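What follows is a set of notes on a single structure, which appears directly below.
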Amino acid sequence: MFFNFKYVECSGKSNGRRSLNFRLDVSLMAVGMAIVGIPKSHAVPGIATQNGLPQVPHEYVPEVGAPAIVYETSPTSSDAGSAESNSSAGNSSGASASSVSSVGYSGSGGDSAVYASMLNTDWGATAADNALGQGITPDALAGLAQVESSMGANATSTGYAQGVFQMSAATFNDAINAAVAADPSLAGSIVSGDAGRLDPVTEAAAASEYLYDMATNIQASGQVSNPTFLDAYTYYMFGAGGGRQVENAFLDDPNTPMSSVVSATVISQNPSLANQTVGQWRTSIGNKVGSGIANSPVLTSS
Numbered sequence: 005m006f007f008n009f010k011y012v013e014c015s016g017k018s019n020g021r022r023s024l025n026f027r028l029d030v031s032l033m034a035v036g037m038a039i040v041g042i043p044k045s046h047a048v049p050g051i052a053t054q055n056g057l058p059q060v061p062h063e064y065v066p067e068v069g070a071p072a073i074v075y076e077t078s079p080t081s082s083d084a085g086s087a088e089s090n091s092s093a094g095n096s097s098g099a100s101a102s103s104v105s106s107v108g109y110s111g112s113g114g115d116s117a118v119y120a121s122m123l124n125t126d127w128g129a130t131a132a133d134n135a136l137g138q139g140i141t142p143d144a145l146a147g148l149a150q151v152e153s154s155m156g157a158n159a160t161s162t163g164y165a166q167g168v169f170q171m172s173a174a175t176f177n178d179a180i181n182a183a184v185a186a187d188p189s190l191a192g193s194i195v196s197g198d199a200g201r202l203d204p205v206t207e208a209a210a211a212s213e214y215l216y217d218m219a220t221n222i223q224a225s226g227q228v229s230n231p232t233f234l235d236a237y238t239y240y241m242f243g244a245g246g247g248r249q250v251e252n253a254f255l256d257d258p259n260t261p262m263s264s265v266v267s268a269t270v271i272s273q274n275p276s277l278a279n280q281t282v283g284q285w286r287t288s289i290g291n292k293v294g295s296g297i298a299n300s301p302v303l304t305s306s
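Quick note on my numbering: the sequence shown kicks off at 5 and runs consecutively.
Here you go:
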């Protein structure tokens, strides 16, 4: 009996496996013999992944806030996954509110209801850990989440902002790229692309990077040597340029009308500012987070 095996490789692919066809030419010299050909299994080729995100120029877009924010009724990162294909539940370290000890942090506002509220989400402990690694106090991060969305993972606005920290696409992409460039280990716990804005752990990393940049910007300007949450949030909301103007107005005279400091466009997007002074606006923000967080430092190195 003579066997002539011919191997033919097809160009088509299915489910990551290479499809193989075997042609068996058999010449039989005896009758009654049965021949069975058993194909060989093949392993799935390895998947190449990008090592972190590329660094891009750090050009921020002012976060001026947007009206008519819609909050989810039960903020969790799992809900965020229903809007996008990924959620922090499947991409974070899995830390939960019960693992508060993993945060290893106790700041001046750390015992506040706002900070506890963030830790009570399924993304809060991981976000707090990452914030510490990025040089930001978890208090400040919790305060930001409270002011921007009341911890609502699926919060959206009628404008361009999305997520717990209400970031625009441009600001988010710029900040998350800078965060990963500074700490490549973050790449393993975040959701890539714009979908990350609706993943609380991912957007928290971008927001922490933004807060860090704003706080160090304040220090460099000589306005405040140890920026508090209220100082940094001023920059977060109005951008570096507008934030500097509002901060200077507050330092010069808290009774300065907001309408004389910020643009008409900002006023139109935030009508309540029209009848507030700079001091009144800061007080309204402070009331949302409590005095412990409002007046606590933003930078861990301070």
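Backbone N, C-alpha and C define an ideal beta-carbon position, used for all residues, glycine too.
Just so you know, these numbers come straight off a predicted model, no measurement behind them.
7 Å CB neighbourhood of residue i in its chain, flanking five on each side removed
i, result
"GLU207", "GLY167, VAL168, PHE169, MET171, PHE176, GLY200 and ARG201"
"PRO261", "THR281"
"GLY283", "PHE254, PRO258 and ASN259"
"SER225", "ARG248"
Simplified DSSP assignment, three categories, for residue i
i, result
"MET171", "strand"
"GLN273", "helix"
"GLN150", "helix"
"THR232", "strand"
"GLN166", "strand"
"THR130", "helix"
"PRO261", "strand"
"THR281", "strand"
Own chain residues within Cβ distance below 8 Å of residue i, not counting five before or after
i, result
"SER263", "ILE271, LEU277 and ALA278"
"SER267", "GLY246"
Residue i burial status per 10 Å Cβ neighbour count (16 or more: buried)
i, result
"GLY192", "exposed"
"ASP198", "exposed"
"GLY156", "buried"
"LEU234", "buried"
"PRO275", "exposed"
"THR125", "buried"
"PRO204", "buried"
"ASN291", "exposed"
"PRO188", "exposed"
"ALA165", "buried"
Residues near residue i by beta carbon distance below 6 Å, same chain, minus five either side
i, result
"ILE222", "VAL228, PRO231 and ASP235"
"ALA219", "PRO231, ALA236, VAL302 and LEU303"
Original post:
Quick one: complete alpha helix (DSSP H) runs, 4+ long, within the region 171-243?
Top reply: Qualifying alpha helix (DSSP H) stretches, in chain order: 173-186 and 204-225.
**OP:** Would you check if there are 3 or more beta carbon pairs closer than 8 Å linking the region 143-153 to the region 180-196?
**Re:** Contact fails: fewer than three Cβ-Cβ distances are below 8 Å.
Original post:
Quick check: the region 248-260 against the region 216-234, are there 3 or more CB pairs under 8 Å?
Top reply: The answer is yes - the region 216-234 touches the region 248-260, with three or more Cβ pairs under 8 Å.
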